[in-house]
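Protein chains in written order, with the numbering used here: chain A, 89 to 467; chain B, 89 to 467; chain C, 89 to 467; chain D, 89 to 467.
From the three backbone atoms N, C-alpha and C, an ideal C-beta is built for every residue, glycine too.
The structure appears right after this line, and notes come after that.
Number of protein chains: 4
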Amino acid sequence: MKKLNIGVIGCGFMGRTHSNAFRTAPNFFNLPYLPVLKSICARSPDRAQSFAAQWGYESFETDWRKLVASQDIDLIDIASPNDTHFEIAIAAAKAGKMVMCEKPLGRNPAESEAMVKAVEDAGVANMVWYNYRRVPAVTMAKQLIDEGRLGRIFHYRTVFLQDWTISTELPQGGEGLWRLDASVAGSGVTGDLLAHNIDTAMWLNGPIDEVTAMTETFIKTRKHNLTGKDQPVTIDDASLFLARFKNGSLATFEATRYARGHKALYTFEINGEHASIKWDLHDLHRLEYFDHRDEGKLRGWRSIHITDSDQPYMKNWWVPGLQIGYEHSFIHQAADFLIALGEGKSASPTFAEALKTDYVTSAVLESAANRSWVKVRSL
Amino acid sequence: MKKLNIGVIGCGFMGRTHSNAFRTAPNFFNLPYLPVLKSICARSPDRAQSFAAQWGYESFETDWRKLVASQDIDLIDIASPNDTHFEIAIAAAKAGKMVMCEKPLGRNPAESEAMVKAVEDAGVANMVWYNYRRVPAVTMAKQLIDEGRLGRIFHYRTVFLQDWTISTELPQGGEGLWRLDASVAGSGVTGDLLAHNIDTAMWLNGPIDEVTAMTETFIKTRKHNLTGKDQPVTIDDASLFLARFKNGSLATFEATRYARGHKALYTFEINGEHASIKWDLHDLHRLEYFDHRDEGKLRGWRSIHITDSDQPYMKNWWVPGLQIGYEHSFIHQAADFLIALGEGKSASPTFAEALKTDYVTSAVLESAANRSWVKVRSL
Amino acid sequence: MKKLNIGVIGCGFMGRTHSNAFRTAPNFFNLPYLPVLKSICARSPDRAQSFAAQWGYESFETDWRKLVASQDIDLIDIASPNDTHFEIAIAAAKAGKMVMCEKPLGRNPAESEAMVKAVEDAGVANMVWYNYRRVPAVTMAKQLIDEGRLGRIFHYRTVFLQDWTISTELPQGGEGLWRLDASVAGSGVTGDLLAHNIDTAMWLNGPIDEVTAMTETFIKTRKHNLTGKDQPVTIDDASLFLARFKNGSLATFEATRYARGHKALYTFEINGEHASIKWDLHDLHRLEYFDHRDEGKLRGWRSIHITDSDQPYMKNWWVPGLQIGYEHSFIHQAADFLIALGEGKSASPTFAEALKTDYVTSAVLESAANRSWVKVRSL
Amino acid sequence: MKKLNIGVIGCGFMGRTHSNAFRTAPNFFNLPYLPVLKSICARSPDRAQSFAAQWGYESFETDWRKLVASQDIDLIDIASPNDTHFEIAIAAAKAGKMVMCEKPLGRNPAESEAMVKAVEDAGVANMVWYNYRRVPAVTMAKQLIDEGRLGRIFHYRTVFLQDWTISTELPQGGEGLWRLDASVAGSGVTGDLLAHNIDTAMWLNGPIDEVTAMTETFIKTRKHNLTGKDQPVTIDDASLFLARFKNGSLATFEATRYARGHKALYTFEINGEHASIKWDLHDLHRLEYFDHRDEGKLRGWRSIHITDSDQPYMKNWWVPGLQIGYEHSFIHQAADFLIALGEGKSASPTFAEALKTDYVTSAVLESAANRSWVKVRSL
């Protein structure tokens, strides 16, 4: 088995999910490449060293340019805050490395377009970590739709609800809190949460044609950790929009960090002519399915426990009835990338595909600002 | 439409459910007889009068013998405490009245056998209010089993969980609390709760062959309301048994009033070769159904919302999606009785059928006392 | 107890729910007036006669003007299609009758305003049957909000999902299908379904300030039952909008008859600073409640079974654990009207209050037509 | 960090869960020892080699005696079929190795007692993989009980339901099917499934005093894979028992492989004076909790999503709302073993503790054979 040397940049939450994905994928999937955790990069040397020890990286760095320049690295994986994606991805592509990037791609479509151009010009394999596509229940939803089981789609509704920023005491900015600073994150929940809803929605139901949106920042100022001062909050705390898909179906999208009682409740429901499906992240191992073609008096929503070997990815795990969790979606995505690489194909979503999501989030922010319907740009 | 004059004895909880059933059935079902609330009987004249006014009874009495003797009454309905069932039912039968009786039939098989003999000797229509058979989801369970959809039955499990007697401060005996006094009630949860589980189980799955049981009285003494003294508690607070049905399936039965968090959680689950079903009283308008013959990857428990016109009794109510409640099971039973009467048939369960349940509860109490397996008597 | 003579117009679905409410309320509530089912009116004499027999009406009519003119009638209850509300209500008010009207009030704000003026000029008691306010779980939601338990409200989301018009074979217009003809109904799901969502939302969360909406008619033509011809469908099949409440909270509203798998799934969720609540019509006897002030590790959504005597309306029904159903919301509303009448008060919602809902539905339809944000008119 | 060299015997389902546990624990927990996957042993050299490659073992063997004899191995982990536990464990203890053993300990109490004696005589660290104790929700249940939150316990009920042996076509014996052969497995569901229920129950609720049981073998003969012949099925397909705990609480236990619709539905519910808890393996990341001390009208079962950092083990994983899965219970158990080792303590359950479970399963089988109540032996 050929080795694939990986340099990961960022050792926060996403640095951990990616490291675990690369490290664990070969135990459960037969892969053409063995991913090697070659080097980890973080700004703090202590943190980088400790992370390297915990995860078995061969080395650590504090300057991502060293990883990009290294002959020993085949693939640069970007797991650092959003404001670093643009520069690192372009440099890595120019250096001929494969590039993986945590979502969203750039902070705005301009950054993302340049990133797409860079990887396409360089002809390097690339992928964005929209991990929820690889939750087995979500992958199965895709299969069911592609098999035509739902028939014509009428409705799509999706939310991403959190409640971790409700306290006025919570500061913004800096370690762990850069998601509250628009200069780093690009936007608030629109890019952080809705981007997931949009990526899944377009994967399952095709392009979004137009949107009308509303955003809100409920708490107007917070102490900024980097300045120590009370400063205006620059992100959107909540973002809601109505959409019309190109296939004529109608949608509601909503994301917020002010929904008390929900930690990370990403849900979607799709209503078709013949059948409907529902899923939610808090019980990610289940898919709810209703089929109108079932015998009349016995029709009901089926709660399908996605743990059987004929369901996506599950033959690689345990036995029926034994559920997997969140991090497995990353393991599946890493495995799919490596398998595709072995076959000379790209694994979805590529940078180009992720750019489409950025066009939607951009349209959402524009619509909210202008209080009007906005057409989504297409590639 | 012929009138059927009804005399109801007892105006407690069951007096209300029966009165409502007779009064409401004709609004929703086309019946061959119009039930007339002729007379209500209670020991307290004030209570009888007030109940008569609230429910539109034409008259009230304080001595049940007057109702039994009355020429104006066609049917005696017994909704009074268990220790009165025996005497009233036999007198009513001898007087040639139709007799309905709240469950359980007698306080023990000897009483029940005499009651069965009385109605059979008199040749009068008779029925026992095991109302849960007429919850539409439960009736549909019966249909599914009779249609052979489950195949060979392997397992039956059922509980009836309440939590209203956990406090040591709760007295026993007298108005509203006679269920805690075995001399009135016959037994504790065995006759009060498990009788329901057993009636449904034998209706759905056939006769029970043998049982091994365990009972417990958790709080040993309580103040008795009629004597004002602290006295031994004579009922079983909890009753559990294992059973083997004649068809070879295995069962667990459990009832208790010490299951914190459950008000009246009657549940059953039946596992067959091809399919399984589940039901619970706290969401009585739903039936859970799993069919192994569904396509493999799409198998799941279906939560069937029993509100459609092709589901039992529901074409007589509202429109799909709109649920009914507890009291409707009594309305259905009253309607079925009147329809059967019009056709010269009996409505199930008759006194004779209810006696079979008493044979099981009696075997349960005997097994618990003797710490041994006990064969259930058959008719 | 004084009698209140009632004339009901319409003997369809709503004629039944109202008749049942008037007939049953006195059995379960202590009321200052005894409602008497005096006369029923329907266009078809056969239907009127049969309905009168089934429900115990003293007489029947085929011309509503006779009921309005009758000295024997104290209260006119309008349960006929939407295009009749305006004329009947105004005539009844002018005749000095109390008036109850099925929702929505008129087909448009102009009709509704005239109806409000008529009852206010006449000084007669009046009420609109937005029945869902009286589902005990919904009433309890109102109590919790009024007690301040949720704190500042951030989000409101609500849907009303049905699936009964998906087939292209379904005709429009005439008996049972007038809801698909905008000339009779006023609008499609906006007035039929969203009106319920809006009424509850403003009751719970205060006035709506502005909306942006989208509507769709998925099936463009259907055979019209009255003409026998294929004709354009004039109603909205689906209606979705974003809203901002005056209190600053954000909302999504959606109603459709194209959501496969849902019969009548009315749901709402409200997220406050301290607590959140959820409710749905398919399990109307439950309220979901999350309180962030609970001890950290034990926080969770509580599924509250609304059947205890300390929960709204439930002390009048059965014992804890025994659920009620859909029609009880109408019984409660009838009881509340009669109790308020006895105290010389109005029962909510009055015609004037229902007009506010019409202002919102009107703004929704205008926004969908103009593709712009629309401010909601206030009284 | 000191290395701990591990030799694993068996590369089936449990070989995988154990290998993953040792390999992953150091990434998520700070451990005093680094577990090293030194050698894997399987009868088939091909299988052993391929497993070694997949999991990164340094070597492989086909004779477990080589592992036991090796100077390079500190710990022998037994993940092979039940009939091998006895001999390997005793040999390993005699060789001075630490020993871990998959449950159940031996095939019967005699084997288990000898195994306990061996590890105690040798003074070596030992543990049995009753992994479900380390599902965070189950661990939290233990905390809640130990904190006294439930008060006096009245009831315990637990099932383990599967449906994988219903087909008469399924053979018995040999690779993957040794669980259907009593000479290898010791017993059927009693030792395979109920052992889990019993281990958890005694951990949470203390010793079991006596039992009355019933077992059944539904399909009497199956083709044996090793002989090719149709042979009597020697295991119990289903096993049910009633129990009385030493603390006076009552219990039902049931396990079967004939419960259509359930893959691996391990559930338990505990009812105490003040509070109750429920858990099930199909949604293992949730704990249901009811507290009667909550304000009356707001009481309800709380569905607690066990993903927060103040809940057991979860601060080591992701962020709130992101669930873990089945294999994590093994990772936690491996981590706890290593942490305890660093502190010179034993991690629970030791061999001695697991023997208590064998005493209960043995009493269950005896009771079923004798049709009588049986006292459980104590240490």
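- Interface annotation for the region 406-432 of chain A against chain D: Trp406, Val407, Pro408, Gly409, Leu410, Gln411, Ile412, Gly413, Tyr414, Glu415 and His416, criterion Cβ-Cβ distance under 8 Å.
- Not a single C-beta of chain B is nearer than 8 Å to the C-beta of glutamine 137(C).
- When CB distances to chain A are screened at a threshold of 9 Å, the residues of the region 138-159 of chain D falling below it are Ala141, Gln142, Trp143 and Gly144, in chain order.
- Nearest CB-CB separation between glutamate 235(D) and chain B: not below the 8 Å threshold.
- For aspartate 287(D), the enclosing alpha helix (DSSP H) starts and ends at 283-293.
- A contact between stretches requires three or more CB pairs, one per stretch, nearer than 8 Å, and the region 276-289 of chain D meets this requirement with the region 333-349 of chain D.
- Rounded to whole angstroms, the gap between the alpha carbons of serine 434(D) and valine 462(B) is 46 Å.
- Distance between phenylalanine 117(A) and histidine 370(A), taken at the CA atoms: about 25 Å.
- CA-CA distance, glycine 98(D) to alanine 326(D), rounds to 27 Å.
- Within the region 117-166 of chain D, the complete alpha helix (DSSP H) segments at least 4 residues long are 133-143 and 152-157, listed from N- to C-terminus.
- Nearest CB-CB separation between tyrosine 346(C) and chain A: below the 8 Å threshold.
- Membership of tyrosine 447(A) in the alpha helix (DSSP H) is indicated by the continuous run 439-458.
- The region 211-227 of chain C makes no contact with the region 240-248 of chain C; the number of CB pairs closer than 8 Å stays below 3.
- For the region 199-238 of chain B, the full-length alpha helix (DSSP H) segments reaching 4 residues or more read 224-234 along the chain.
- Remark: three or more beta-carbon pairs, one from each stretch, lie closer than 8 Å, so the region 439-446 of chain B and the region 187-202 of chain B are flagged as touching.
- Taken atom to atom, the span from the alpha-carbon of phenylalanine 174(C) to that of aspartate 234(B) is near 52 Å.
- By the criterion of a C-beta distance shorter than 7 Å, proline 408(D) is surrounded in its chain by Thr395 and Asp396, once the five residues flanking it on both sides are discounted.
- Under the Cβ criterion of 8 Å, histidine 243(B) is counted among the residues facing chain D.
- Taken in chain order, the complete beta strand (DSSP E) segments of 3 residues or longer contained in the region 354-380 of chain C are 363-368 and 374-379.
- For the pair of segments examined, the region 300-315 of chain B was found not to touch the region 306-315 of chain D: the number of CB pairs separated by less than 8 Å stays below three.
- When the five nearest sequence neighbours on each side are left out, the beta carbons in the same chain lying within less than 6 Å of the beta carbon of alanine 179(A) are those of Val156, in order along the chain.
- Arginine 348(D) and methionine 290(B) have their C-alpha atoms some 20 Å from each other.
- Along the region 283-310 of chain C, going in chain order, the ones with a CB nearer than 7 Å to a CB of chain A are Thr300, Met302, Glu304 and Phe306.
- Ranking Thr438(A), Leu268(A) and Glu149(A) by CA distance to the CA of isoleucine 128(A) puts Glu149(A) first.
- Distances from the CA of lysine 182(C) to each of Val204(C), Asn196(C) and Pro197(C) were compared; the closest alpha carbon is that of Val204(C).
- Rounded to the nearest whole angstrom, the C-alpha separation of tyrosine 354(A) and proline 437(A) is 19 Å.
- In this structure, DSSP gives glutamine 399(D) a state outside helix and strand, which the three-state scheme calls coil.
- Under the Cβ criterion of 8 Å, alanine 326(C) is counted among the residues facing chain A.
- In the structure shown, alanine 183(A) adopts coil according to DSSP, grouped into three states.
- A Cβ of chain A is located within less than 8 Å of the beta carbon of histidine 362(C).
- When Cβ-Cβ separations below 8 Å define contact, threonine 340(B) makes contact with chain D.
- The C-alpha of glycine 103(D) is placed about 15 Å away from the C-alpha of valine 187(D).
- Taking all protein chains shown into account, asparagine 458(B) has fewer than 16 neighbouring C-beta atoms within 10 Å of its C-beta and is therefore exposed.
- Chain order gives no chain B residues near histidine 370(D), where near means a beta carbon separation below 7 Å; the closest approach is about 10 Å.
- When C-beta atoms of the region 264-275 of chain A are compared with those of the region 367-384 of chain A, fewer than three pairs fall below 8 Å, so the two segments do not count as touching.
- With a threshold of 8 Å between beta carbons, arginine 222(A) makes no contact with chain B.
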